Every structure is written in C-alpha cells, then in structure tokens.
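If you count the sequence shown from 1, position 204 lands on 203 in numbering that gives the first Met the number 0, and the numbers rise without skipping. Heads up, the beta-carbon is just placed ideally off N, CA and C, and yes, glycines get one too. Since the structure is predicted, the reported quantities are computational estimates derived from the model, not experimental observations. Contents: one structure, followed by commentary.
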Amino acid sequence: MTAYLDHASGWPPSDAVRDAMARWIGVATSPMALHEHARGPADLVDSARGALAALVGWDADTVILTSGATEARNLAMKGSIAGRGLSTPVIALDPLAHASAIAAARSLTRDGGQVRMADVGAVGDVVPAAMAAAAEGADLVVVTHGQAEVGCVRDAAALIAAARAAAPHAVVVLDAEETAGLLPIADGLGADLVVMGGRSMGGPAWAGALCVRPGTLLHPLIEGGLEEHGKRGGAHDLPALAGITAAAHEAREAMPARADAMRAMAGRITDGLLGVPQVVLNGPGPHERLPGHVQVSARGVEGEALALAMAARGVAVSPGSACTFGAGKSSPVLEAMGADDDIARGAVLITIGPGTTDAELDEATRAFGESVAVLRAMAPGAP
Numbered sequence: 000m001t002a003y004l005d006h007a008s009g010w011p012p013s014d015a016v017r018d019a020m021a022r023w024i025g026v027a028t029s030p031m032a033l034h035e036h037a038r039g040p041a042d043l044v045d046s047a048r049g050a051l052a053a054l055v056g057w058d059a060d061t062v063i064l065t066s067g068a069t070e071a072r073n074l075a076m077k078g079s080i081a082g083r084g085l086s087t088p089v090i091a092l093d094p095l096a097h098a099s100a101i102a103a104a105r106s107l108t109r110d111g112g113q114v115r116m117a118d119v120g121a122v123g124d125v126v127p128a129a130m131a132a133a134a135e136g137a138d139l140v141v142v143t144h145g146q147a148e149v150g151c152v153r154d155a156a157a158l159i160a161a162a163r164a165a166a167p168h169a170v171v172v173l174d175a176e177e178t179a180g181l182l183p184i185a186d187g188l189g190a191d192l193v194v195m196g197g198r199s200m201g202g203p204a205w206a207g208a209l210c211v212r213p214g215t216l217l218h219p220l221i222e223g224g225l226e227e228h229g230k231r232g233g234a235h236d237l238p239a240l241a242g243i244t245a246a247a248h249e250a251r252e253a254m255p256a257r258a259d260a261m262r263a264m265a266g267r268i269t270d271g272l273l274g275v276p277q278v279v280l281n282g283p284g285p286h287e288r289l290p291g292h293v294q295v296s297a298r299g300v301e302g303e304a305l306a307l308a309m310a311a312r313g314v315a316v317s318p319g320s321a322c323t324f325g326a327g328k329s330s331p332v333l334e335a336m337g338a339d340d341d342i343a344r345g346a347v348l349i350t351i352g353p354g355t356t357d358a359e360l361d362e363a364t365r366a367f368g369e370s371v372a373v374l375r376a377m378a379p380g381a382p
C-alpha cells in the first residue's frame, strides 16, 4: 500500500506506543500476584488508569480497563441495568449509535421494556429536543459524541442535559470511542459512564476503558476474580495497556493541534474527491465533523467495489463503515439519515491520522477518481 487512509480500522502506532508495547511482550506475571515481580505490572495498570482518567478529569480509581470500546459499551449498558435490578428497562439512544450499543439495547429489552430512538437530522445530528423526547422516563440513555460512519460530532453536553431533564433517574452513558483523545470530554460532559477505546487516541483497538462516576451502580459483565475493583474479571493484557497508556499521554499533549491538522487534511482531500462527477459528501462539512474523517458516496458505484478498486491501486480505505464490511447491503446509518439506496450503497470511508502525508492524500484522490471511472464504465447500461 502506498497510502493508508483507514484509521477507522486502526491507527499505525507511533514509535512511543510501539516501544511501550514491546517492553511488555513476554512479561507473564500478573499484577495481582504478591511477589516482587508483580510490582512492574501493577504499576503499569495504575498508570493506564491514571492516563485514561486524565482525559475525563476523574480519579484513576473510576476507570475499569477493558478489551476495547465494545466491551466497555456492553458493560456500561448491561452492567448499569443489572446493577439496579431492572428487568424491563426503557432505553433511549439514536439510530446512528454504534451497532454494539443498539444490539445491547435490544438484548436488554428482549423480555420486556422498550428501546426508543431519537430522531436524527440529514447530516446525522441530534438536537436536544429530540433526545429529550426519546429519553422521557427512560432508565438508560446513550449519547454518542462522535458518530463513526458519517463523522458528525454532537453537542453531547446539551444532549445529556436534555436527557437528565426528561429522565432525572436515568443512567447516562457517553459513548466517546471516536472522540476520547481527539476532542475534550471533561467531566464526561455530564454523563455517569464514559466509554473509551484505544484506537481513536492512537493506541491498540483491543484496549479500552469505562469510566464510572462515583455512586453509579454497576454489575460486572465478566465475572471472575477481583481485577478492576471486582467489576471486570480476567487477566490484564499488559502490552495493550502499555500501548493505550502511551497513546493517552501523547493524545492529551497533542490536543487540539492534532485535531486541527487532521481536519485541515480532511478538508483538502474532500475538495479533491468532490471534484469527481456525481460524488456527494455524507454528513457535516469537513470542519464540523470528527477530525480526519471523510465519507463520500459515488453514484452508480458500490462502496465495497470502490474500496477494493482503490486497494488495487495501493490506497487503503474502508467501504462505508469499518464495522459493516462484507455485509453486502446498504448502510443502515445512511438509510436512517434519509439517503437513497444509491448513496447508501456507494459510500466509502476515508480516515486520516496524524502521520498522514500530503503525498498520501494526492495518491488517494487519484485512485478514487480512476476507480470511480472504471467501475462506472463496467456498470450495466454504461455507454
């Protein structure tokens, strides 16, 4: 590959992240052990908690380390419902929430209760009134800060305030997988639980965390030993924790310069992609969305075919959403936003990182234009 523009799937680690992880490969001692060999691993676990808690501004002991954002999301939702002993919960979120959040909501209400979806706008936005309407009397509210597929960044603090006014007794989850380490999430923007993942801050995607505001009831999702204050059993992945710790430190120091640079690069490539006929930008404008995030659709072209054609030209991108590759169907996110089938099936997701170069952007723009032209020429009925 000559251009890597699929940071939605995973960020190439920085030298500091790679070196931190390498130091812990082969270290087998548990941080829970009582002998001197456990001191280093125990210090690493404490450092990971501290680095991640600093992104929220909470104490280190509020952090539960997980295998990634998906586990953290499930722990937040299922753990808080179980912690309050609710069997028929009312859960509010929006149809652009992460697939694992929607799946967890449906699982929790399988035997009763209700899932309510807040209305979304044409660019994936959610206004406070829509969140309040969905959240009225709810037991659990999930607010997505940054939407992974179309890149919209919501005013999460306003949405959380609206949800609390409509459902004073609800537990509110802030899904910050896409924003932690890139955008400020001080005090969890008012939420009770904050979901974080390693990828969006430049760490391993298989490391994450759930930050728990003191006083929030939470039952463990994975039961076992006393790891993570008894809220998440299982051995710690020391290399992954070293990686996310280094990444969190780098991200905190780099904000907001990193976000500004990634947005500028996204704006540049967006201009090039929109120069191709019948190409549309999905979601908000380049400077109003997740840093480094671009999703476009080319009419008359399948998104998976376009991603494969660009890969054949040395450019790595994702077909629409990194989580739905191989599904062979329209994007449910774009459908929920009111996009027609041609747009919903033709999306590709281009995501930029802090190490992306101008040369990679030029190469991706060229490969995109060539691939669209070739695929359109192959389409049935093409002249």
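- For A208, the uninterrupted beta strand (DSSP E) segment begins and ends at G207 to V211.
- Taken in chain order, the whole beta strand (DSSP E) runs of length 3 or more contained in the segment 105-136 are 113-116.
- With a beta-carbon spacing of about 18 Å, V122 and D174 fall beyond the 8 Å limit used to define contacts.
- Around the Cβ of D58, a 10 Å sphere holds fewer than 16 other Cβ atoms; the residue is exposed.
- When the beta-carbon positions are compared, E176 and L64 stay at least 7 Å from each other.
- Annotation for A91: the continuous beta strand (DSSP E) segment containing it runs V89 to L92.
- When the alpha-carbon of G196 is set against those of P213, H218, A147 and A169, the nearest one is in A147.
- Measuring C-alpha to C-alpha distances from G352 to each of L333, H292 and D339 identifies H292 as the nearest.
- In the DSSP assignment, T65 forms a beta bridge with G207.
- In the DSSP annotation of this structure, the continuous segment of the alpha helix (DSSP H) that includes V55 starts and ends at R38 to V55.
- Within its own chain, the residues whose Cβ lies closer than 6 Å to the Cβ of L216, once the five positions on either side in sequence are excluded, are G82 and R83, listed in chain order.
- Three or more pairs of CB atoms, one per stretch, sit closer than 8 Å, so the segment 67-86 contacts the segment 204-212.
- In this chain, the beta strand (DSSP E) harbouring T350 covers A346 to T350.
- In the DSSP assignment, L139 falls within the beta strand (DSSP E) that extends over L139 to T143.
- Going by beta carbons, P127 and L158 fall inside the 7 Å limit.
- As for any beta strand (DSSP E) of minimum length 3 sitting wholly inside the segment 174-229, the runs are 192-196 and 207-211, ordered along the chain.
- For R267, the three-state secondary structure derived from DSSP is helix.
- Selection E303, G299 and V114 evaluated against L139 yields V114 as nearest (Cα-Cα).
- By the Cβ neighbour-count rule, L225 is exposed, with fewer than 16 other Cβ atoms within 10 Å of its own.
- Here R163 is not bridged, per DSSP, to any residue.
- When beta bridges are read from the DSSP output, A297 appears opposite V278.
- The straight-line gap separating the alpha-carbon atoms of T355 and P285 is approximately 16 Å.
- Straight through space, the alpha carbons of R298 and D45 are spaced by roughly 50 Å.
- A Cβ-Cβ contact shorter than 7 Å links D186 with G56.
- DSSP places L273 outside any alpha helix (DSSP H), giving it a letter other than H or E.
- Here the alpha carbons of P30 and K77 stand approximately 27 Å from one another.
- Judged by DSSP in its simplified three-state form, D361 adopts helix.
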